[in-house]
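Here's the structure, in structure tokens; my notes come after.
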Amino acid sequence: MQDHIKRDFYANVYKIAVPVTLQSLIMALLALTDQLMVGQLGDVAIASVGMSTKIYGIISVVLAGLAMGVSVYAAQFWGKQDRKSISQILGIGLFCGFILSFLFTLLVYFKPEMCLSMFTTDERVIGDGYIFLEIMALSYVPTMLTMMYSAILRSTTHVKLPMFVSLFTVCLNIILNYLLIYGKFGFPEWGLKGSAVATLISRLVECIVIIGAVYKFRLPGSVDFSNLFGARKPLVSKFFQTTYPIILTELIWVLGETVYAVIYSRMGTAEMTAMTITFPLQGLSVGLLSGLASAGGVMVGNKLGAGEESLALQYAKRFINLGIMISLGVGVIIALAAPLYVSAFNVSEDAHQLGIYLVWVFAAFLWVKVANMIMAGGILNSGGDSKFVFAMESTATWLIGVPSGLLLSFVWKQPIYLVYLVLSLEEVVRFGFGLARIHSKKWIKNLVKDIAA
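Under my numbering, the first residue of the sequence shown carries the number 386, and numbering increases by one thereafter.
Take a look at the structure:
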């Protein structure tokens, strides 16, 4: 890579990746704050939030897949400076996202206990968790709106607004958590219910602020309904051809994670609690490096839309190398800090020790998780190679991960940290397939070459 291209590369990485990373860290901090505050209420409360989060994860990853499809086309349209098509892509995402999020809200709000019973048989967790889950269901639609507008802003390099809005949201959520969980300054002491109400209010405010700012400052996506929902059939058709495998990939992944959650929960309350307390740290760590995947998708997509395929390939390879180097360093820090992190939770001695082991396993595999996130979630999808990504992800999850987890836990009765270690090996398989695909150049496609608004 020539020196001037290298300078442009790192300048754009800094411009895009840093704000996206900060936003991801801020949102992971929100989850961590919830867990730490709820963690003072004991094992059952922690497990209740963990299982409720898994249910929310199903709809969130489907919406994330839809938002990724929006982002893929928005990035390439931005590369050819077609703002009208960007608005129409947003309209497609909003229409589909509203249908999905609204239907899921109805299901979870009216049947929270049924949803929880799919993940755990612990009556205490179901009894405490259903109120939390019922309230959280009301946040699905505003969360969808935030995700779609944020996808447009990131793809068009307007990344600072989502970051500042997320920072404000986290501060608001922390304050509301403190007031409503513990009943401070005359507020009701609602415990677990208070955490759900605080999160719901924060997400509503986040949605209103980010959409209001888009229209106030006339950013991409600030158009009237006639332009927002006026996409022509060729654009709609091509969008769905690329996006449905992305959604299926996200769904396959979350279903796999759901099976893993069932495996962990049925190994015992201590095991379920130990795994649950690692979730915020995992989100924080992956969030720290998610900016590279987002920047990779945007920058490579911009180059593909502009017809600069050779430069897009150079960018892709440099992103992978950069992600591996940084994540190796972060993994070492996590491993060293594991005992201190787990000690922040008020859990039993068994859950405490298992939590440390699980954090160590996560730290060991962080580098390959990040590399896969950059390749699959950023680079390959930016070229519309979503069908290959779907095949790669589903094969690794359902032919390697799920069978291994079921055998190790239910048949061979292995401890949870060994089960988690073997499950993580599926990431290595993904890495091999993904790297081979990158070097094959088959993923390099200009999706918007023959499409105009």
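Ideal Cβ positions, reconstructed from N, Cα and C, are used throughout, including at glycine.
Residue i versus residue j - alpha carbon distance
i	j	result
P665	F747	12 Å
L808	G786	5 Å
S733	G740	10 Å
A598	K578	31 Å
A522	Y742	33 Å
K830	G482	26 Å
Y458	V833	7 Å
V685	S695	10 Å
L725	V621	50 Å
Y525	V608	24 Å
L669	M453	20 Å
R539	P404	9 Å
P800	C556	38 Å
A701	G681	7 Å
A838	L713	Confidence at A838 is low in this model, with a pLDDT of 45, below 50, so the placement of that residue should be treated as unreliable; the coordinate-derived value is given next. Between A838 and L713, the C-alpha separation is close to 44 Å.
I764	D393	18 Å
L677	L407	11 Å
S675	G762	10 Å
I431	F462	44 Å
V717	A781	26 Å
G817	K772	17 Å
V423	N731	10 Å
V493	L640	17 Å
E778	G769	15 Å
M436	G653	14 Å
N687	R603	21 Å
I648	Y805	10 Å
K469	L589	28 Å
Buried or exposed by the 16-neighbour rule on C-beta atoms within 10 Å, applied to residue i
i	result
G692	exposed
W828	buried
I759	buried
Q473	buried
M710	exposed
P788	exposed
Y645	buried
S825	exposed
Q387	exposed
H543	buried
A659	buried
G571	exposed
A460	buried
R617	exposed
I823	buried
K601	exposed
R815	buried
A402	buried
P619	exposed
is_contact[residue i, chain C] using C-beta, thresh 8 Å
i	result
R588	No chain C appears in the structure shown, which is made up of a single protein chain.
Within 8 Å, do at least three Cβ pairs link the region 480 to 500 to the region 552 to 572?
They do not touch, by the three-pair rule.
Hey, is the region 508 to 517 in contact with the region 463 to 482, meaning 3+ C-beta pairs nearer than 8 Å?
Taking a contact to require three or more Cβ pairs closer than 8 Å, the region 508 to 517 and the region 463 to 482 do not qualify as touching.
Where in the region 785 to 812 do unbroken runs of the alpha helix (DSSP H), each at least 4 residues long, occur, reported from the N-terminal end onward?
Whole alpha helix (DSSP H) segments, 4+ residues: 787 to 791.
Could I get the ranges of all uninterrupted alpha helix (DSSP H) runs contained in the region 650 to 716, with 4 residues as the minimum, in chain order?
Fully enclosed alpha helix (DSSP H) runs of 4 or longer: 654 to 661 and 664 to 690.
Inspect the CB distances between the region 603 to 619 and the region 751 to 761 and report whether three or more fall short of 8 Å.
Result no; under three Cβ-Cβ pairs closer than 8 Å.
Minimum length 4: unbroken alpha helix (DSSP H) runs contained in the region 554 to 607
577 to 601, all fully within the region 554 to 607.
Taking the runs of the beta strand (DSSP E) that are 3 residues or longer, which of them lie wholly in the region 414 to 499?
Counting only runs of 3+ residues, no beta strand (DSSP E) is found wholly inside the region 414 to 499.
Determine, using beta-carbon pairs with one atom in the region 617 to 635 and one in the region 445 to 452, whether at least three such pairs fall under 8 Å.
The count of Cβ pairs closer than 8 Å, one atom from the region 617 to 635 and one from the region 445 to 452, reaches three, so the stretches are in contact.
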